[in-house]
Structure formats: structure tokens, C-alpha cells
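Residue numbers (the working numbering): 10 to 82. A short write-up of the structure that comes next.
This is the structure in C-alpha cells:
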């Protein structure tokens, strides 16, 4: 899965962002299961790319006020 561009995310509405976030989280879960079962991935950088894409989606959602920022202790 290619990286999600920030410009693409900024054009999406709330529902699309939520769907994209769910899709990325499911894909990350699938990759982690594959890594745990087989011990290796076809493309090891895909896990890092997915984490970054999830962070981008969450950033856009926080900027728009859809979710509250996490409080630090």
C-alpha cells in the first residue's frame, strides 16, 4: 500500500477519513499477523509506511477537531 498523501487527506470529508483510518489499521494488523506467523515480510518497510499513514490521518482529524488531542501526563 503506498503512502497516503497529506493533500489527499485534506480533501476528504469526515466519513472518508474515518473509513481510511479503519482500512489502514486493519492493513497494519494484517501485516503484523503475517510477520508474527511467518517471521518475515515481503516488504519490511510496509509496516513503517502504514504507521506513518495512520499518523497522517489522525493529524488531519485532530486539526479539524474531529478528535481531541491526547493529554500528556
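We treat Cβ as the ideally placed atom computed from N, Cα and C, and that holds for glycine.
The three-state reading of DSSP puts residue 77 in coil, since its state is none of H, G, I, E or B. Around the beta carbon of residue 82, fewer than 16 other beta carbons sit within 10 angstroms, so the residue counts as exposed. Distances from the CA of residue 26 to each of 38, 37, 13 were compared; the closest alpha carbon is that of 13. Counting only residues of its own chain and dropping the five nearest sequence neighbours on each side, residue 40 has a CB closer than 8 angstroms to the CB of 50, 55, 56, 59.
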